[in-house]
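What follows is a set of notes on a single structure, which appears directly below.
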Amino acid sequence: MKNFFISGILIILLLTIPGCLKKKNYKDESQRLIGVKVYQIDRELNNLFEEWVSLGINTVFASPSVFSDEFKSLAQEHDIQTFVILPVFYDPATLDADPDLYAITDKGEKAIEDWVEFVCPSREDYRLLKTEYILKLIRELDPDGISLDFIRFFCFWEKVYPDRNPDSIPNTCFCPYCLERFQSEKQVSIPDSVRDSGSVSGWIQTNHIEDWTAWKCSIITSMVEDIVTEAKKLKPTIKVNLHVVPWRKDDFNNAIKRIVAQDFPLLSKYADIISPMTYAHMVKQEPAWIHSVVSDIHEQAECLIIPSIQVNEAYLLESLSLEDFEQSVTEALKPPSSGVFFWSWEQLESRPEKKEVLKRVLISFRE
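Numbering follows the numbering used here, with no gaps: position 163 of the sequence shown is 843.
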């Protein structure tokens, strides 16, 4: 009787702790999401959808230009859910038109590295325009979901390797707008002497790094909240995926929060899926690293975690072998993952032998 009473109390506690029910739903998820990212389509659509079904693909992340009436009709006919890919703070066209919107690094430079260039995430004028643009696409394209990409502060993480000195990763944004907003919202006062010497970034990171990190995270989380709130007013059933940087909480001295400002416990309140871009080959990691990233984020978040993996090599000359690709797919599907997304369909289509690997691995997971 005593054991029965204790068991009853434990059940009540589990049901009342915030997040427990959401975690239970996570564990009860029966259908794995197998998705591909698509940026352009150059073949007959009906045959393409039939091939996707044959491969086990049930989710497509597509750029807005792909969303034709025929595309949407065939997706519905083949029971494939569609997400429209929406870059948020990566916006070269807007920056060309208004360079004042550039985020500024701790070295006082524009946030540009290779092809990556970022808008300052705290600029309310830009945030409002971007939200309106997203709502416009939802009205016009009527996707099943939105997939927010570049929803973070600036970082060219694609070339941040395991031996990288964390202090060498650029920190942003130190534009006048951010500095004034940070001081106002965190009640911090930057001394005039520091402003005059041009060492504001160093002073903040030395004296107020926790406040600075928390403030940055609030800027990104509030943008996600604003977009999701308005999107759900427009379409209550819309699903939300977030593409995130594939860093664990202890990687590069907490760079996931300190640098890019992605706070998974907070972000997961507004997302159905968090998808870390676990491109192991690209960042010089072994396939097993993919599972470790998924597990790390799952411990923090209250939504589905589904990794995105690369199909072919990128930035590095060494090819991504069939063996490594198969291991990557296998690691990506291990619990607590709820599926796997592939970057990208264009790359997968160019390598038929990797399609066969995908079929084989998915069959083994169903058995």
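Glycine is no exception: its CB is placed at the ideal position from the N, C-alpha and C atoms.
Discussion item. Quick check on this structure: which residue in ASP778, ARG938 and ILE831 has the alpha carbon closest to the alpha carbon of VAL920?
Written reply: ILE831
Worksheet item: Do you know how far the Cα of SER873 is from the Cα of VAL1020?
Response: 52 angstroms
Worksheet item: Under 6 angstroms from any heavy atom of the ligand ADP, does the C-beta of ARG832 make it?
Response: Ligands are entirely absent from the displayed structure, and the ligand ADP is therefore not among its contents.
Item to complete: Go to PRO856, then tell me how far its alpha helix (DSSP H) extends in each direction, as first and last residue.
Response: 856-866
Fill in: Local conformation of GLY699 per DSSP, three classes
A caution first: GLY699 carries a pLDDT of 39, below 50, which makes its placement in the model unreliable, though a value can still be read off. In this structure, GLY699 counts as coil in the three-state DSSP scheme.
Fill in: Per DSSP, cross-strand counterpart(s) of VAL920
ILE826
Item to complete: State the CB to CB distance for the pair LEU766 and LEU828, rounded to an integer number of angstroms; the pair is presumed to be in contact (CB under 8 angstroms).
Response: 6 angstroms
Worksheet item: Would TYR719 pass as a contact of SER743 if the rule is Cβ separation under 7 angstroms?
Response: yes
Worksheet entry | Which of helix, strand or coil DSSP assigns to PHE1005 | helix
Fill in: Distance, ILE814 Cα to VAL904 Cα
12 angstroms
Item to complete: Report the residue from THR901, LEU754, GLN980 and GLU998 whose alpha carbon sits nearest the alpha carbon of HIS961.
Response: GLU998
Worksheet entry | From GLU982, SER988 and CYS983, residue whose alpha carbon lies closest to that of HIS1049 | Residue numbering for the chain in the displayed model covers 681 to 1047; residue 1049 lies beyond these limits and cannot be assessed.
Worksheet item: What does a CB cutoff of less than 6 angstroms around PHE932 pick up in its chain, not counting 5 residues either side in sequence?
Response: PRO846
Item to complete: Let me know the secondary structure DSSP gives TYR706 once reduced to three states.
Response: Per-residue confidence for TYR706 stands at a pLDDT of 38, beneath the threshold of 50, marking its modelled position as unreliable; the derived number appears in the next sentence. The answer is helix: DSSP assigns TYR706 an H, G or I state.
Worksheet item: Which parts of the stretch 710-781 are runs of the alpha helix (DSSP H), unbroken and 4 residues or longer, counting only runs that do not cross its ends?
Response: 725-735, 749-757 and 772-777
Fill in: Neighbourhood of SER1008 by C-beta distance below 7 angstroms, restricted to the same chain and skipping five residues each side
ALA960, PRO967, ILE970 and ILE989
Item to complete: Count the other C-beta atoms from every protein chain shown that fall within 10 angstroms of the C-beta of ALA981, then say buried if there are 16 or more, exposed otherwise.
Response: buried
Item to complete: Have a look at ASN992 and THR811 and give me their C-alpha separation to the nearest angstrom.
Response: 33 angstroms
Item to complete: For the beta strand (DSSP E) holding SER988, just list the boundary residues, first then last.
Response: 988-990
Fill in: Residue burial classification, ILE953 (beta-carbon count within 10 angstroms, cutoff 16)
buried
Worksheet item: Enumerated in chain order, which unbroken segments of the beta strand (DSSP E) with a length of 3 residues or greater are wholly contained in the stretch 953-1035?
Response: 953-956, 988-990 and 1019-1023
Discussion item. What does the Cβ neighbour count give for ASP976, buried or exposed, with the cut at 16 atoms within 10 Å?
Written reply: buried
Worksheet item: Apart from the five residues on each side of it in sequence, which residues of its chain come closer than 8 angstroms, Cβ to Cβ, to PRO945?
Response: GLN980, ALA981 and GLU982
Discussion item. On the DSSP bridge list, what partners appear for THR852?
Written reply: THR785
Worksheet item: Quick one: Cα of LYS702 to Cα of ALA951, how far?
Response: With a pLDDT of 44 at LYS702, under the threshold of 50, the modelled position of this residue cannot be trusted; read the value that follows with caution. Rounded to the nearest angstrom, the two C-alpha atoms are 12 angstroms apart.
Worksheet item: Who are the Cβ neighbours of LYS896 in its own chain at under 7 angstroms, not counting the five residues just before and after it?
Response: PHE833 and ALA941
Discussion item. Going by C-alpha to C-alpha distance, which of SER1017, GLN965 and ILE918 sits closest to TRP844?
Written reply: Strictly speaking, residue 844 in this sequence is Arg, with Trp absent from that position. Cα-wise, what sits closest to ARG844 is GLN965.
Worksheet item: Taking Cβ positions, are PHE1058 and ILE784 nearer each other than 7 angstroms?
Response: Because the chain here runs from 681 to 1047, residue 1058 falls outside it and cannot be looked at.
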